[in-house]
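Written below as structure tokens is the structure these notes are about.
There are 2 protein chains.
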Amino acid sequence: MKIPIQELPTNQLNALVREWSDALQKKQGQNLKLDLSRGKPSHAQLELSHKISNQPIENYFSSDGTDTRNYGNLTGIAEARALGAKILGTSPETTYAIGNSSLSLMHLTADTALQHGLWNDSRKWANSTTPKMITLVPGYDRHFTVCDSLGIEMVNVKIDAQGPDITKLESLVEDPSVKGIWCVPKYSNPTGITYSDKQVTELANLPNKAAAEDFVIFWDNAYAIHDIQFPGDELASIAEAAELVGTQDHVVQFASTSKVTFASGGIAFISSSQLILETLEKQISTFSIGSDKVNQLRHAQYLLENLDDHMNAHAELLAPKFSLVLKYLEDDLGGLEIANWTEPRGGYFISLDTMMPVADQVIELAKTAGLVLTPAGATYPAGTDEENTNIRIAPSFAEEDELKTAMEVLTLCARLITAREVINHRQ
Amino acid sequence: MKIPIQELPTNQLNALVREWSDALQKKQGQNLKLDLSRGKPSHAQLELSHKISNQPIENYFSSDGTDTRNYGNLTGIAEARALGAKILGTSPETTYAIGNSSLSLMHLTADTALQHGLWNDSRKWANSTTPKMITLVPGYDRHFTVCDSLGIEMVNVKIDAQGPDITKLESLVEDPSVKGIWCVPKYSNPTGITYSDKQVTELANLPNKAAAEDFVIFWDNAYAIHDIQFPGDELASIAEAAELVGTQDHVVQFASTSKVTFASGGIAFISSSQLILETLEKQISTFSIGSDKVNQLRHAQYLLENLDDHMNAHAELLAPKFSLVLKYLEDDLGGLEIANWTEPRGGYFISLDTMMPVADQVIELAKTAGLVLTPAGATYPAGTDEENTNIRIAPSFAEEDELKTAMEVLTLCARLITAREVINHRQ
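As structure tokens, then:
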């Protein structure tokens with residue numbers, strides 16, 4: 001059936017609503033417990049890193065002479081910095097390995113930019129009464145939480161399959177209270193798109209166009225090496241682009257191994273100019289006596305050797321799940337003009353957009369059949385998706401059987417809600 | 428020779444100065460590299476925990492059902508909270524295991540008290556234009572750094588062998604801008620003293636005497652289980668004392684395994700009332716996706732079984748070093764009335780106080796012979812020891828031979844500087 005749902009006569013639609021209601025009722029009776037809400041690695045993915053955590057350590061000294069078991073070395077051992085540089089496509093000199101969470105490093109960077117400034121001079125965001133950051137939407141909820149927690153206002157800019165609209169960004173940064181932008185440049189959360197070379201070049205130049213002299217690009221490269229199709233997307237180097245136009249003191253890059261080894265048991269990376277890194281190191285020295293460098297050693301020794309193989313093994317586990325979600329979307333919704341979706345070549349999410357403003361209803365209905373989805377609006381600041389269309393699908397954690405059932409429920413709910421809406425509109 | 432140096436005739440003093448100068452000159456020619464500056468575990472101490480880091484993990488699930496490898500569980504796995512409770516003498520319900528650094532938890536608590544308040548109401552330190560904390564001096568430099576970094580002023584109160592002077596504290600907290608106090612209640616850094624039961628009871632009641640309704644006791648129990656003589660000192664429970672007088676919402680306790688397993692590769696603990704813990708958890712959720720719970724599992728599984736034996740093994744390594752330092756102090760300085768020192772039954776430091784205001788000169792002179800000591804004044808806010816007497820000795824890291832040479836240098840410098848001062852004063 002490939003006729004757009006809007007074009008069906010009402011009696012046919014009523015029949016479909018009855019059929020789909022019956023089907024959903026059956027699902028509701030099955031006491032299902034399904035969850036596509038968070039981008040968590042699956043059990044099988046976690047097992048891939050068993051050899052990292054269980055590898056015996058004979059020599060605790062890193063190549064730079066640090067005893068990884070003792071105090072000291074706030075910026076990370078040489079091997080870990082090399083690993084971060086490999087993941088981010090930067091140099092070890094401009095890459096630090098700190099803690100287990102890139103989110104914590106982003107919070108630290110925003111907090112420091114706000115309260116102290118990143119440049120060892122008088123510039124700081126708190127000099128503005130209403131510092132703001134640009135949020136590309138739909139986007140990553142935890143970026144919004146960082147802004148919320150620090151009292152930073154957010155300015156939304158819609159991101160679509162073509163990536164960020166640079167002209168719009170250039171116009172926004174004419175406001176001197178606009179201090180920064182959040183970017184997930186590769187396999188963007190949740191849309192899965194990767195910025196084009198042109199967009200990277202233009203973004204690198206954005207601080208030059210900004211009225212604020214303390215403008216910062218937060219380059220959250222969470223999925224830098226998370227291809228699931230090969231070849232994966234290629235992301236241009238923002239560090240190189242920034243160097244060319246002299247904005248290296250306004251770009252900070254982040255990554256972690258949370259989705260490479262163990263979520264929250266991995267290591268995190270930050271890369272920027274020497275000036276910014278030194279400011280952050282000074283800030284870190286006020287509350288830290290160093291990261292877990294033993295864990296850095298474990299990670300770096302294994303991953304510097306085996307990163308590609310390791311990520312390929314992840315891809316082998318993830319690819320069938322992404323294919324399965326896309327197959328269900330195509331089979332059950334294709335041609336009906338109920339929704340659009342992305343087909344990312346990597347990352348952790350597929351983004352579904354209903355054509356009518358019914359995302360919240362679809363998510364609510366799915367819940368009645370035991371399927372938990374990312375809450376409606378979660379991909380927008382303040383949880384408010386004004387168009388009410390975006391549904392984020394996170395296929396990684398569920399087992400294949402669960403995923404099939406979950407997709408049956410999801411597409412059923414999307415069809416049912418849309419059909420009912422169409423009927424209502426005709427009355 | 429047990430005659431106080433002040434009582435020696437000048438000609439004898441001059442002869443001694445020549446003798447000691449010659450001795451020091453020899454040391455200066457030996458190209459020594461000695462360091463008694465930081466309380467770092469020694470190589471042999473770190474080796475004790477090899478079995479923890481190298482223990483194979485078969486089952487990554489904690490007893491509360493958490494997959495330690497994945498996201499989630501901000502407050503720590505059940506086993507780790509039980510370990511924290513065992514170390515702090517609290518209950519697992521009121522004890523969280525978070526991150527690898529108690530210092531980070533202290534910074535977080537102070538920052539949250541300042542910016543948001545700990546009580547889910549309108550109270551917060553930032554409501555005061557000049558929030559202050561009481562610092563017991565000599566004390567731990569990193570507490571001062573936390574205050575400095577947050578713009579919190581410090582009010583010094585001298586702590587001696589009798590512990591904190593509660594009457595003085597009660598008078599200070601009449602000032603509503605005095606918002607908290609830093610305490611290292613057991614084997615205090617650097618004096619090594621442990622608060623008496625009476626002092627603990629009276630401190631627990633301090634928030635009731637405070638004019639500030641948002642007064643907080645920071646109970647940094649860093650050396651809770653770090654006895655080196657047996658029996659060690661007994662510290663009364665401040666949680667119980669606070670419960671009795673209703674101040675449980677004003678006491679926060681901290682500990683870590685940094686000096687139990689691996690410095691900075693361990694796990695950290697915080698214990699307080701439910702109200703405060705929930706506020707902090709909410710705050711943590713803005714920048715963290717959880718601690719390294721695999722490391723928590725490693726630590727807790729081993730230490731819940733073997734904590735006493737493990738700490739006894741540390742004591743066996745530390746006790747000879749402390750004895751050696753004390754022997755040198757007694758043999759080389761005893762009876763000369765050059766300095767006083769503490770004889771702690773645990774912890775990481777021996778605190779030496781020169782009788783004349785010459786600590787800075789002694790430390791400088793020692794440096795010329797290759798001995799690094801904690802910088803003069805480091806045990807005071809802003810690095811200013813107004814009496815210029817305190818020298819912190821950290822004997823843990825050096826090997827026995829190095830420690831002997833270091834103590835020879837230190838006592839030589841103390842004698843030489845003091846003798847010169849006495850001579851100068853007579854001229």
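Going down the list, the sequences are from chains Z and E. Counting from 1, position 59 in the first sequence corresponds to residue 59 in the working numbering; the numbering is continuous, with no gaps. So the number in the working numbering is just where the residue sits in the second sequence, counting from 1, plus 427. Beta carbons: idealized from backbone N, C-alpha and C, even for Gly. None of these values were measured; they are calculated from a predicted model.
Item to complete: Can you pull the chain Z residues whose beta carbon is under 7 Å from the beta carbon of D780 of chain E, in chain order?
Response: Residue mapping note: residue 780 of chain E aligns to position 353 of the second sequence, counting from 1. At a beta-carbon threshold of 7 Å, none of the residues of chain Z lie near D780 of chain E; the nearest stands roughly 26 Å away.
Discussion item. Taking CB distances under 8 Å as the criterion, tell me whether K40 of chain Z reaches chain E.
Written reply: Counting from 1 along the first sequence, the entry for residue 40 of chain Z is found at position 40. Yes, because at least one Cβ of chain E sits closer than 8 Å to the Cβ of K40 of chain Z.
Fill in: Sequence-distant residues of its chain with Cβ nearer than 7 Å to I514 of chain E (five each side left out)
Locating residue 514 of chain E in the second sequence gives position 87, counting from the first residue. Leaving aside the five residues that flank I514 of chain E on each side, the residues in its chain whose CB is nearer than 7 Å to its CB run, in chain order, A651, I652, A682 and F696.
Item to complete: For Y567 of chain E, decide whether its Cβ has a neighbour in chain Z, counting only Cβ atoms nearer than 8 Å.
Response: Reading the second sequence from its first residue, position 140 is the one you call residue 567 of chain E. It does not; no Cβ of chain Z falls within 8 Å.
Worksheet item: What's the gap between the Cα of A668 of chain E and the Cα of A44 of chain Z?
Response: Here the question's residue 668 of chain E lines up with position 241 in the second sequence. Here the question's residue 44 of chain Z lines up with position 44 in the first sequence. Taking the straight line joining both Cα atoms gives about 49 Å.
Worksheet entry | Same chain only: Cβ atoms within 8 Å of V157 of chain Z, ignoring 5 sequence neighbours per side | As a working note, residue 157 of chain Z is residue 157 in the first sequence. Apart from sequence neighbours up to five positions away, the residues of its chain that approach V157 of chain Z with a beta-carbon distance below 8 Å are I134, T135, L136, V137, P164, D165, K168, L169 and L172, ordered along the chain.
Practice prompt. Kindly list, in the order they appear in chain E, the residues whose Cβ is closer than 7 Å to that of I87 of chain Z.
Written response: Within the first sequence, numbered from 1, the residue matching residue 87 of chain Z stands at position 87. The contact set of I87 of chain Z on chain E, defined by CB atoms closer than 7 Å, is empty, because the minimum CB distance reaches about 18 Å.
Item to complete: Please name the residue, chosen from Z:T130, Z:T129 and Z:A113, that lies closest to S122 of chain Z on a Cα-to-Cα basis.
Response: Looking up residue 122 of chain Z in the first sequence gives position 122. Among Z:T130, Z:T129 and Z:A113, the Cα nearest to that of S122 of chain Z is on Z:A113.
Discussion item. So, does the region 477 to 495 of chain E touch the region 833 to 852 of chain E, judging by three or more C-beta pairs under 8 Å?
Written reply: No, the region 477 to 495 of chain E is not in contact with the region 833 to 852 of chain E.
Practice prompt. Taking C-beta pairs closer than 9 Å, name the residues in chain E that I350 of chain Z reaches, listed in chain order.
Written response: Position 350 of the first sequence, counting from 1, holds the residue named residue 350 of chain Z. Within chain E, not a single residue places a beta-carbon under 9 Å from that of I350 of chain Z; the smallest gap is close to 19 Å.
Worksheet item: When you check each C-beta in the region 59 to 71 of chain Z against every C-beta of chain E, which residues fall closer than 8 Å?
Response: Residues of the region 59 to 71 of chain Z that bring their beta carbon within less than 8 Å of a beta carbon in chain E comprise Y60, D67, T68, R69, N70 and Y71, in sequence order.
Practice prompt. Going by CA-CA distance only, name the one from Z:L304, Z:A313 and Z:W219 that's closest to T109 of chain Z.
Written response: Stepping through the first sequence from its first residue, residue 109 of chain Z is reached at position 109. Nearest to T109 of chain Z by C-alpha distance, out of Z:L304, Z:A313 and Z:W219, is Z:W219.
Fill in: Nearest neighbour of R426 of chain Z, chosen from Z:P4, Z:K2 and Z:L13 [CA to CA]
The count along the first sequence starts at 1 and reaches residue 426 of chain Z at position 426. Sorting Z:P4, Z:K2 and Z:L13 by C-alpha distance to the C-alpha of R426 of chain Z places Z:L13 at the top.
Discussion item. Starting from I363 of chain Z, trace the alpha helix (DSSP H) in both directions and tell me its first and last residue.
Written reply: Residue numbering aside, residue 363 of chain Z sits at position 363 when the first sequence is read from its first letter. Residue range A359 to T368 is occupied by the alpha helix (DSSP H) that includes I363 of chain Z.
Practice prompt. Run through the region 58 to 142 of chain Z for me and flag every whole beta strand (DSSP E) of 3 or more residues, listed as ranges in chain order.
Written response: If we require 3 residues or more, the beta strand (DSSP E) runs fully inside the region 58 to 142 of chain Z come out as 95 to 97 and 132 to 137.
Discussion item. What are the residues in the region 714 to 741 of chain E lying within 8 Å of chain Z by C-beta distance?
Written reply: Within the region 714 to 741 of chain E, the qualifying residues are F714, S715, I716, G717, S718, D719, K720, V721 and N722.
Discussion item. Going by C-alpha to C-alpha distance, which of Z:D67, Z:G39, Z:S63 and Z:T418 sits closest to K467 of chain E?
Written reply: Here residue 467 of chain E corresponds to residue number 40 of the second sequence, with the count starting at 1. Closest by C-alpha distance to K467 of chain E, out of Z:D67, Z:G39, Z:S63 and Z:T418, is Z:D67.
Worksheet entry | According to DSSP, residues forming a beta bridge with C183 of chain Z | The residue you call residue 183 of chain Z lines up with position 183 of the first sequence. Answer is Z:W219.
Practice prompt. Would you tell me roughly how many angstroms separate the C-alpha atoms of N340 of chain Z and D676 of chain E, rounded to the nearest one?
Written response: Working through the first sequence from its first residue, we reach residue 340 of chain Z at position 340. Working through the second sequence from its first residue, we reach residue 676 of chain E at position 249. Rounded to whole angstroms, N340 of chain Z to D676 of chain E spans 52 Å at the Cα level.
Discussion item. On a Cα-Cα basis, can you pick out the residue from Z:E153, Z:I98, Z:D111 and Z:D160 that is closest to T129 of chain Z?
Written reply: Sequence index remark: in the first sequence, residue 129 of chain Z carries index 129 (1-based). From the listed residues Z:E153, Z:I98, Z:D111 and Z:D160, the smallest Cα separation to T129 of chain Z is found for Z:E153.
Worksheet item: Under the three-state reduction of DSSP, which class applies to G619 of chain E: helix, strand or coil?
Response: For this step, residue 619 of chain E is matched to residue 192 along the second sequence. Note: G619 of chain E maps to coil in three-state DSSP.
Item to complete: Examine chain E for any beta-carbon lying closer than 8 Å to the beta-carbon of F262 of chain Z, and answer yes or no.
Response: Translated into positions along the first sequence, residue 262 of chain Z becomes position 262. Yes, F262 of chain Z counts as interfacial toward chain E.
Item to complete: Consider the Cβ of L103 of chain Z: report whether some Cβ of chain E lies at a distance smaller than 8 Å.
Response: One-based indexing of the first sequence puts residue 103 of chain Z at position 103. Yes, its Cβ sits closer than 8 Å to a Cβ of chain E.
Worksheet item: Which term fits I3 of chain Z, buried or exposed, when burial requires 16 or more other beta carbons within 10 angstroms of its beta carbon?
Response: Walking along the first sequence from the start, residue 3 of chain Z turns up at place 3. So I3 of chain Z ends up on the exposed side.
Discussion item. Measuring only the C-alpha atoms, how far is A15 of chain Z from D160 of chain Z?
Written reply: Translated into the one-based positions of the first sequence, residue 15 of chain Z becomes position 15. Translated into the one-based positions of the first sequence, residue 160 of chain Z becomes position 160. Approximately 35 Å between the Cα atoms of the pair.
Worksheet entry | Endpoints, the alpha helix (DSSP H) within which T594 of chain E is located | Position 167 of the second sequence, counted from the first residue, corresponds to residue 594 of chain E. Start and end: I593 to L599.
Worksheet item: When burial is assigned at 16 or more other CB atoms within 10 Å of the CB, is P320 of chain Z buried or exposed?
Response: On the first sequence, residue 320 of chain Z is found 320 positions in, with the first residue counted as 1. P320 of chain Z comes out exposed.
Discussion item. Can you tell me which residues form a DSSP beta bridge with D462 of chain E?
Written reply: What you label residue 462 of chain E is simply residue 35 of the second sequence in a count that begins at 1. Beta-bridge pairing links D462 of chain E to E:V799.
Discussion item. I want to verify the contact list: residues of chain E whose CB lies under 7 Å from the CB of S149 of chain Z, in sequence order.
Written reply: Mapped onto the first sequence, residue 149 of chain Z falls at position 149. Those are T713, listed as they occur along chain E.
Fill in: Proximal chain Z residues relative to P483 of chain E, where beta-carbon distance stays under 7 Å
Translated into positions along the second sequence, residue 483 of chain E becomes position 56. By Cβ distance, chain Z contributes N54.
Worksheet entry | 7 Å Cβ cut-off: residues of chain Z touching N527 of chain E | To locate residue 527 of chain E, count along the second sequence from 1; it is residue 100. In chain order: D292.
Worksheet item: How close, in whole Å, do the beta carbons of V785 of chain E and N817 of chain E come, if the pair is a contact with beta carbons under 8 Å?
Response: As a position in the second sequence, residue 785 of chain E is number 358, starting the count at 1. As a position in the second sequence, residue 817 of chain E is number 390, starting the count at 1. About 11 Å separates the beta carbons of V785 of chain E and N817 of chain E, which is beyond the 8 Å limit, so they are not a contact pair.
Item to complete: Taking only beta-carbon positions, decide if V146 of chain Z is within less than 8 Å of chain E.
Response: As a first step, residue 146 of chain Z must be located in the first sequence, where it is residue number 146. Output row for V146 of chain Z: interface = yes.
Worksheet item: Per DSSP, I777 of chain E is paired with what?
Response: Along the second sequence, read from residue 1 onward, the residue named residue 777 of chain E stands at position 350. Beta-bridge annotation (DSSP): I777 of chain E is paired with E:I820.
Worksheet entry | Sub-8 Å separation of A239 of chain Z and D197 of chain Z beta-carbons | Numbered from its first residue, the first sequence carries residue 239 of chain Z at position 239. Numbered from its first residue, the first sequence carries residue 197 of chain Z at position 197. For A239 of chain Z and D197 of chain Z, no; Cβs fall outside 8 Å.
Fill in: N851 of chain E - containing alpha helix (DSSP H), residue span
Within the second sequence, the letter at position 424 stands for residue 851 of chain E. Its alpha helix (DSSP H) spans residues E827 to R853.
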